Amino acid sequence: MQHDKINQATVFVIFGGGGDLTWRKLAPALYNLFVDGYMPERFAILGVGRKPIADDSYRRRLREGVDEFSIGGKTDQQSWDEFAPHIVFSKADLNDPQAFDGLAKELSAYDETWGAKATRIYYMALPPSVIKPIAEGLAGAKLNLDREHARIVVEKPFGHDLNSARELNRLLTQYFQESQVYRIDHYLGKETVQNILAFRFANTLFEPIWNRRYIDHVQIAVAENDGVGSRSGYYEHAGALRDMVQNHLLQILCLIAMEAPVSFDSDEVRQKKVDVLRAIRVIRPEQVHQNAVRGQYGGGWIEGGRVRGYRSEPGVAADSATETFAAVKLYVDNWRWQEVPFYLRTGKRLPARNSEVSIHFRPVPHQTFPASALLDSRPNRLLIAMQPEEGILLRFEVKHPGQSMALAPVMMQFYYREAFQVRSPEAYETLLLDIMKGDSTLFMRADQTEAAWGVITPILEMWRSVRPTEFFNYQAGSWGPEAFDILIAQDGRSWTLPTFLQCREDLAICRVAREPME
Ligand code: NDP
Ligand code: BG6
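Each residue of the sequence shown is one higher than the one before, counting from 1423 in the numbering used here.
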């Protein structure tokens, strides 16, 4: 990572700072940036929430988050002792305009102490429904006016549907300039996701075959073994389609399907991605059941431990209709991708945490070899593994050694950890640093968020109008509901199961490139 320390004094105001995002992602990222020397000398992290939390308890809670989730490993006592005093917590009723006058005073106090005007980053780490009063509160206290120093960060999902996203965009641009708004989708900060751009546009090799002539179909999978945890307050109103497909999976699809940008300029890249979203074929209501599958987990076993079903999780309704699994088939209607299906799938409480893109190439147009040579033969496949393993694998055919002609698939493999032997920065480290620097290349533009909602709205509406009768329909620890297999089997194809699984004795699976995988 190139060293790019920020000199500008900075205050992170995290609304919803007592929630899961702050604990799991933001705290580890800020701590790692601090340890790696990227944070400015003068900085503060101000968590804001409805319940009072003493500063010490809040610091302890965030430290637990770092210890549990940081890819940089556990906190080191000395670094933590230096980092912790920068963290404070304030209780505030976000519907009360006076709370923002209090915040304005707190922020001015930092400026006075530091003798400099700090950049103020207002981070919305809470459900989209609460953003409106906060944006209004910030504006009411004139905390939005300084275009150079005030930035607002809005998490995905951006709004709840197309109309609310439009309304939210209108609201934000009423109070902030577009350049002050950072719509975050942390998948865009992942090294392996960014590498899709490098892989596609810094090599001549793949571009000629990156189209419908050579590619049969694409699978994008983000599997999680975690359940909903303590996040039911948010998740019950979101569900897998809003939580993951509308943003993370569609953004990956855009990177796979986009045309080459003329330059790495932020607007140029974002424009090419919007072009993809706009080309995605709209699924008509009567087509939803053939092109989308939803699921909800029941109880089961994960990593050798018994886990409860979604409807028994704290804060979840006993008859909840929220989906924890979604699979969707999409087409990109343009010259490059006409009639090439993109299969997207994601779910919670699946057997393993694993995200990957799998590009399946067409079989050779004419078989030169006799049928007896082809028993083990498979079309080429390119795999972009995003997590937990990071790498790229290419499957191709070779002659199996021996006196007879028999073909066998082999893998050419590239692993980040072996090639570079450095820790990849976590997505949030990259994105928080970019926000501090004022670089919006990896963030979503207003039109992108709206175009993405446009893609999934027909599915959302159909699912809302037809209550699922079959929930729960997959067991925790399985790969999803039965209908999920049918979605792809009806096209004569099958799902690719994860290539990499971390060594897990309970599953008797070790981290190896398994082949064949279908
Ligand atoms: P949580 O439910 O854990 O936390 C949300 C926080 O929002 C809570 O601390 C709560 O504050 C506050 N909140 C909820 N409702 C209200 C309300 N009506 N008024 C004021 N405050 C409220 O959710 P997450 O932290 O998981 O998610 C927050 C956002 O971050 C979502 O948009 C999610 O998509 C996104 N995100 C989450 C990730 C994760 O790994 N968790 C990763 C990427 C994005 P209080 O403590 O005061 O009750
Ligand atoms: C978040 C979702 O955006 O991404 C969570 O709200 C999900 O539900 C998380 O668990 C997954 O992120 P990652 O980086 O762990 O794959």
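For each residue, glycine too, the CB sits at the ideal point set by N, CA and C. The structure presented is a predicted model; accordingly, all values stated were derived computationally and were not measured.
Local conformation of residue i per DSSP, three classes
| i | result |
| --- | --- |
| G1727 | strand |
| Y1544 | strand |
| H1571 | coil |
| S1492 | coil |
| R1605 | strand |
| F1783 | strand |
| F1621 | helix |
| Q1971 | Since the first residue of the chain shown is 1423 and the last is 1940, residue 1971 is not available in this structure. |
| E1577 | strand |
| I1951 | Not covered by the structure: residue 1951. The range shown for the chain is 1423 to 1940. |
| D1498 | coil |
| I1944 | Coverage of the chain is limited to positions 1423 through 1940, which leaves residue 1944 absent and any answer about it impossible. |
| Q1789 | coil |
| N1802 | coil |
| D1477 | helix |
| Q1430 | coil |
| V1710 | helix |
| Y1732 | helix |
| G1661 | helix |
| L1443 | helix |
| P1550 | helix |
| S1742 | coil |
| P1920 | coil |
| D1648 | coil |
| N1566 | coil |
| V1487 | Going by the sequence as given, residue 1487 is Gly instead of Val. Three-state result, G1487: helix. |
| R1889 | coil |
| E1504 | helix |
| G1611 | helix |
| R1482 | helix |
| E1681 | coil |
| V1704 | coil |
Cross-strand partners of residue i (DSSP beta bridge)
| i | result |
| --- | --- |
| A1643 | R1767, E1778 |
| Q1897 | G1720 |
| V1715 | A1749 |
| V1435 | L1468, Y1544 |
| I1631 | Beta-bridge pairing links I1631 to no other residue. |
| I1637 | F1783 |
Run of the beta strand (DSSP E) containing residue i, from where it starts to where it stops
| i | result |
| --- | --- |
| G1469 | 1465-1471 |
| K1695 | From DSSP, K1695 is part of no beta strand (DSSP E) but of the alpha helix (DSSP H) over 1688-1701. |
| Y1753 | 1747-1753 |
| A1557 | Looking at the DSSP string, A1557 is not in any beta strand (DSSP E); the run it does join, the alpha helix (DSSP H), is 1553-1562. |
| K1513 | 1509-1513 |
Residue i - containing alpha helix (DSSP H), residue span
| i | result |
| --- | --- |
| T1595 | 1584-1597 |
| P1450 | 1449-1457 |
| W1536 | 1519-1536 |
| Y1657 | 1654-1657 |
Contiguous alpha helix (DSSP H) assignments of at least 4 residues, all confined to the segment 1804-1885: 1838-1842, 1849-1859
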